[in-house]
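Peer 1: Below is a structure I'd like to ask you about.
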Amino acid sequence: MTRDQMLAHLRSADAVAREAAAHGHHPFGAVLVGPDDRVLMRQGNLDTVRHAETELARRAAEAYEPEFLWQCTLVTTGEPCAMCTGTLYWANIGRLVYGFEETRLLVLTGDHPENPTMSLASRVVLGSGQKKVEVHGPFPEIKDELLSAHRDFWKR
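Encoded structure:
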């Protein structure tokens, strides 16, 4: 996957995040991209426990064989939390692309009770496993674009 393709898919995930926010959910979105660069699934955040990435990885694990998922990419607006990163790992998705770091989100959410961020980078979680999941991110050139959906949301 080229950098331009990653950026295009990050923008697709952002559209999913904005749709989730329009329905009252947290503004996170994820897409599953197949080895042919087609978007196979989309998922927005549902609530504090049912994150976009976790729900997408679970759905993908039910729909596709592990060997196929190892060739796929989970693209998400923000760096996935430890729960989501672990679910991606167990679902056997071979690549992660994220737009902005969890630390950037913390600046916006502060101590918001619906998003108590964890200081545990996805690379650290994945580096603890036996499989080498490829990780790309953050993408500073679209960080502000991806974070814009969060700026007003967490002030409520």
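Quick note on my numbering: the sequence shown kicks off at 33 and runs consecutively. Positions of the beta carbon are idealized from the N, C-alpha and C atoms, including for glycine.
Starting from the Cα of N77, find the closest Cα among F100, H55 and V65 and give me that residue.
Peer 2: H55
Peer 1: According to DSSP, is M33 part of a helix, a strand, or is it coil?
Peer 2: coil
Peer 1: Just to confirm, is the Cβ distance from P98 to E133 under 9 Å?
Peer 2: no
Peer 1: The beta strand (DSSP E) with V63 in it runs from where to where?
Peer 2: G61 to V65
Peer 1: Do you know offhand how far I125's Cα is from D184's?
Peer 2: C-alpha of I125 to C-alpha of D184: approximately 32 Å in a straight line.
Peer 1: Tell me whether the beta-carbon of L128 lies closer than 9 Å to the beta-carbon of L106.
Peer 2: yes
Peer 1: What's the gap between the Cα of R50 and the Cα of P59?
Peer 2: 6 Å
Peer 1: Under the three-state reduction of DSSP, which class applies to H168: helix, strand or coil?
Peer 2: DSSP, read as helix, strand or coil, puts H168 in strand.
Peer 1: In the structure shown, what three-state DSSP assignment does R136 receive?
Peer 2: DSSP places R136 in helix when its eight states are reduced to three.
Peer 1: Who are the Cβ neighbours of G66 in its own chain at under 7 Å, not counting the five residues just before and after it?
Peer 2: L72 and C104
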